[in-house]
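**Q** If you read the sequences in order, they're chains A and B. As numbered in the working numbering, the first sequence has no gaps in its residue numbers, which increase by one up to the final residue, 106. As numbered in the working numbering, the second sequence has no gaps in its residue numbers, which increase by one up to the final residue, 227.
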Amino acid sequence: DIHLTQSPSSLSASIGDRVTITCRASHTINTHLTWYQQNPGKAPKVLIYAASTLQSGVPSRFSGSGSGTEFTLTISSLQPEDFATYYCQHSYNIPITFGQGTRLEI
Amino acid sequence: EVHLVESGGGLVQPGGSLRLSCAASEFSFSYYWMSWVRQAPGKGLEWVANIKYDGSEKNYVDSVKGRFIISRDNAKNSLFLQMNSLRAEDAAVYYCAREWSSGWSNWFDPWGQGTLVTVSS
Numbered sequence: 001d002i003h004l005t006q007s008p009s010s011l012s013a014s015i016g017d018r019v020t021i022t023c024r025a026s027h028t029i030n031t032h033l034t035w036y037q038q039n040p041g042k043a044p045k046v047l048i049y050a051a052s053t054l055q056s057g058v059p060s061r062f063s064g065s066g067s068g069t070e071f072t073l074t075i076s077s078l079q080p081e082d083f084a085t086y087y088c089q090h091s092y093n094i095p096i097t098f099g100q101g102t103r104l105e106i
Numbered sequence: 107e108v109h110l111v112e113s114g115g116g117l118v119q120p121g122g123s124l125r126l127s128c129a130a131s132e133f134s135f136s137y138y139w140m141s142w143v144r145q146a147p148g149k150g151l152e153w154v155a156n157i158k159y160d161g162s163e164k165n166y167v168d169s170v171k172g173r174f175i176i177s178r179d180n181a182k183n184s185l186f187l188q189m190n191s192l193r194a195e196d197a198a199v200y201y202c203a204r205e206w207s208s209g210w211s212n213w214f215d216p217w218g219q220g221t222l223v224t225v226s227s
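Next comes the structure, spelled out in structure tokens:
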């Protein structure tokens, strides 16, 4: 199984900050990487797919990059609604797995 | 608007069974792979199983193989998860989700609101 490790596991930041979350894969996954945002009590919402493609309707302050084994999600200027938990997910093979999550706090 | 609604969750004793359902609307259900993803209370996301658009291919995470069965009824726009021999570690919110594929990546969108499964005596 491919293991995804996110860092950091939690992060404190302020409105307007630029933040970066990293996802490292235990095996190369090319660009088979998706980023989600999850708010408490809600289902996850897709932000970025294919490592760097912004999902329709997602604000442009979100961006993704990387390929192979190392990927990043960047939020260029934090807004109040961005404080949530973020997950990466690979689809390179079965089983599909998720990172452990990064909790972004004020 | 694309809509997925799960049902069938509840309290079950260890070793018991439960059948989850997911009703899909406002999209061509029979064209898409579908998945179940679960989230234990306070924990992260875990993919459980998926099924091809015509039901001819199914995949499972190792921890549920031989106990869970994913199925679908395209005529009724419905997805199912039959869960047998339930264990305490199966307790979670179960989400159904539609799969998308770009050739370079597969992702889940949208997700249902989830249904809670509690396994306890």
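Cβ coordinates follow ideal geometry from the N, Cα and C atoms, glycine included.
1) Give every residue of the same chain whose Cβ lies closer than 7 Å to the Cβ of residue 138 (chain B), excluding the five residues on either side of it in the sequence, and list them in chain order.
2) Taking buried to mean at least 16 other C-beta atoms within 10 Å of its own C-beta, is residue 97 (chain A) buried or exposed?
3) Output, in chain order, the set of chain A residues within a Cβ distance shorter than 8 Å of residue 208 (chain B).
4) Establish whether the CB of residue 148 (chain B) and some CB of chain A are separated by less than 8 Å.
5) Kindly give me the distance between the Cβ atoms of residue 30 (chain A) and residue 68 (chain A), rounded to whole angstroms, as I take these residues to be in contact under 8 Å.
6) Considering residue 78 (chain A), what are the terminal residues of the beta strand (DSSP E) in which it resides?
7) Tell me the start and end of each unbroken beta strand (DSSP E) in the stretch 27 to 60 of chain A that is at least 3 residues and wholly inside, in chain order.
8) Tell me the rounded alpha-carbon separation between residue 120 (chain B) and residue 90 (chain A).
9) With 8 Å as the limit, tell me which residues of the stretch 17 to 32 of chain A have their beta carbon closer than that to any beta carbon of chain B; keep them in chain order.
10) So, with DSSP's three-state summary, where would you put residue 184 (chain B)?
11) In the DSSP assignment, what are the bridge partners of residue 199 (chain B)?
12) What residue does the beta strand (DSSP E) around residue 65 (chain A) start on, and which one ends it?
**A** Quick answer:
1) Only 159, 204, 205 meet the Cβ criterion.
2) Counting Cβ neighbours within 10 Å, residue 97 (chain A) comes out buried, since at least 16 surround it.
3) In chain order: 49, 50, 53.
4) Interface flag for residue 148 (chain B) against chain A is unset, since no Cβ pair is found closer than 8 Å.
5) Right, the Cβ-Cβ distance comes to about 7 Å (below 8 Å), so this counts as a contact.
6) Per DSSP, residue 78 (chain A) belongs to no beta strand (DSSP E) and is neither H nor E.
7) Here the runs fully enclosed are 33 to 38, 45 to 49.
8) Going from the Cα of residue 120 (chain B) to the Cα of residue 90 (chain A) covers about 31 Å.
9) Look at the stretch 17 to 32 of chain A: the residues with a C-beta under 8 Å from a C-beta of chain B are 30, 31, 32.
10) Collapsing the DSSP output to three states places residue 184 (chain B) in a strand.
11) Under DSSP, residue 199 (chain B) takes part in a beta bridge, and its partners are B:145, B:222.
12) It spans 62 to 67 - the beta strand (DSSP E) in which residue 65 (chain A) sits, taken as one unbroken run.
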